[in-house]
Amino acid sequence: LARAACLAAAVQAQRQARDPRGLRGAMSLAFVRRAAVMPMAAAHRRTAQLAATRSFVSFKSLSPPIFTRGAAAKVREESVDVPAAYPQRGPSRERTKPKELRQLKVGFIGWGAMAQAVSLGMIREDLTESSSVMATDVVPEILEAAAREGLQTTDSNKALVEWADLVVMAVKPQVVDAVIKDIAPVWKDNKVLVSICAGITIDTFQDGLGDGAKVVRVMPNTPCLVSEAATAYSASKRCADWEVDLVYDMFAAVGNATHRVPENLLNSVTGLSGSGPAYIYMFIQALSDAGVQGGLPRKVALSLATQTVIGAAKMVQETGTHPEVLKEAVTSPGGTTIAGVRALERAGFRSAVIEAVEAARLRAEGLSGK
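Under the numbering used here, think of the first position of the sequence shown as 322, with each following residue one higher.
Following this line, the structure appears as structure tokens:
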């Protein structure tokens, strides 16, 4: 206890020199007085704890930081082991702020149904202005329709590429090579090319436009016409993250399922969601045919079949529950649903769907030359 008191007195002297008003010294003295009346065993335990943690020397628990007023106020560290002032950081380097879609000009080479859905979806979602979008097409009537929507139009692919910052290639896969040759002389590496041409790889565009070309390959599907697209995309290494994010924004404006995947999986996406709407239309038609077979009017049967597919899809999407679990919730033992499920299994329903997706994937690989 005597040793602790001596050490406290030494520290108090240091504090007194730094604290003329004696505030900290009084606090230290109060600590010593409290220690003097502690039982001997408790005092020894307290001294050992303080020595182990060095809290006794630094008095951090007893002396709050002092803030010196003035223009050059600094925080003074309480411990005698550390410098009195913290080192000052240099000025931080600001990152370049990524551009927004509305700051860029977007051009569509080909303004078919898919391009119309994407371009008008961006405008509808207020991602850009119609005056910042340009379209070109080989059909004059389509350009007239684009002009009525407020878009700029041209019949020259080269003029569109020179004008736009972001170019969307929305033509048939069979004419991609011809379009690349047409625009290659005016292409610049600071532009971004977005392809929605099925089966055409990133390498195909870089072979024609140069290795430095920024390319994003996208596979949307036709429900983008009603803002319900399922889309997957992949980007070349030259693309900056913010450029890829802009492409995401474009297609998220027309659908709730937009995913970035490795390019080697895009052909599988083509077979699944790209061609998938056709399989669903066939299923809806088959459901309605079965309703008509059972005596329902065609209009009623088609309405019920359509809403059944919409409702079931929303159950999967909005609840996040696995389809198998949802199926079991509808399938009562010995009931009507299990009888229907048995008939589907007997007819190879699952296998037929898997084979359809695989056939479409193989065809997409054939278009891409793999």
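Using N, Cα and C, we set each Cβ at its ideal position, and we do this for glycine too.
Best match in the options for proximity to residue i [C-alpha to C-alpha]
i, options, result
"residue 523", "504, 496, 547, 555", "555"
"residue 508", "485, 659, 645, 491", "485"
"residue 545", "471, 473, 594, 617", "594"
"residue 431", "449, 672, 494, 623", "494"
"residue 559", "662, 618, 511", "511"
"residue 463", "689, 569, 433, 622", "433"
"residue 553", "648, 518, 547", "518"
"residue 490", "450, 435, 601, 577", "435"
"residue 600", "437, 461, 677, 449", "677"
"residue 460", "454, 449, 474, 448", "474"
"residue 583", "557, 616, 577, 561", "557"
"residue 577", "657, 634, 498, 525", "634"
"residue 679", "614, 597, 643", "597"
"residue 498", "480, 675, 526", "526"
"residue 465", "479, 446, 437", "437"
Inter-residue CB distance, residue i and residue j (contact presumed, cutoff 8 Å)
i, j, result
"residue 516", "residue 496", "No, residue 516 and residue 496 are not in contact; Cβ-Cβ is about 13 Å, not under 8 Å."
"residue 533", "residue 482", "Going by Cβ atoms, the distance from residue 533 to residue 482 rounds to 15 Å, so no, they are not a contact pair."
"residue 422", "residue 570", "6 Å"
"residue 513", "residue 535", "5 Å"
"residue 575", "residue 442", "4 Å"
"residue 629", "residue 608", "7 Å"
"residue 426", "residue 453", "5 Å"
"residue 637", "residue 647", "7 Å"
"residue 537", "residue 565", "6 Å"
Buried or exposed by the 16-neighbour rule on C-beta atoms within 10 Å, applied to residue i
i, result
"residue 541", "buried"
"residue 670", "exposed"
"residue 665", "exposed"
"residue 653", "exposed"
"residue 424", "exposed"
"residue 487", "buried"
"residue 467", "buried"
"residue 449", "buried"
"residue 625", "exposed"
"residue 363", "Any reading at residue 363 is ruled out, since the residue's pLDDT is 47, under 50, leaving its predicted position unreliable."
"residue 685", "buried"
"residue 603", "exposed"
"residue 504", "buried"
"residue 405", "With a pLDDT of only 38 at residue 405, under 50, the local geometry of the prediction cannot be trusted, and the value read off the model is given with reservation. Exposed, because fewer than 16 other Cβ atoms sit within 10 Å of the Cβ of residue 405."
"residue 642", "exposed"
"residue 658", "exposed"
"residue 388", "For residue 388, the predicted structure reports a pLDDT of 37, less than 50, and the residue's modelled location is therefore unreliable. A value from the coordinates is still provided. It is exposed - the Cβ of residue 388 has fewer than 16 other Cβ atoms within 10 Å."
Chain-order list of residues whose beta-carbon lies under 7 Å from that of residue i (same chain, five-residue window excluded)
i, result
"residue 627", "605"
"residue 682", "588, 589, 591, 592"
"residue 412", "Confidence at residue 412 is low in this model, with a pLDDT of 40, below 50, so its placement is unreliable and no value can be given for it."
"residue 644", "637"
"residue 548", "442, 575, 576"
"residue 447", "none"
Beta-carbon contacts of residue i that lie in its chain and below 6 Å, excluding the five residues immediately before and after
i, result
"residue 501", "529"
"residue 619", "613"
"residue 444", "451"
"residue 543", "598"
"residue 480", "none"
"residue 674", "none"
"residue 623", "609"
Contacting residues, own chain, Cβ-Cβ under 8 Å from residue i (five flanking each side not counted)
i, result
"residue 477", "457"
"residue 572", "439, 539, 541, 545, 550, 552, 554, 579"
"residue 688", "494, 519, 520, 521"
"residue 621", "612"
"residue 672", "none"
"residue 651", "658"
Item checked: Contiguous alpha helix (DSSP H) assignments of at least 4 residues, all confined to the segment 615-689 -> 619-640, 644-651, 657-667, 670-688
Check: Enumerated in chain order, which unbroken segments of the beta strand (DSSP E) with a length of 3 residues or greater are wholly contained in the segment 571-622?
Finding: 578-581
Next item on the list: Would you mind listing the alpha helix (DSSP H) stretches within the segment 480-535 that are 4+ residues and don't spill past its ends, in chain order?
Entry: 497-504, 523-530
Next item on the list: Could you pull out every unbroken beta strand (DSSP E) segment of at least 3 residues lying fully inside the segment 442-468, listed in chain order?
Entry: 454-457
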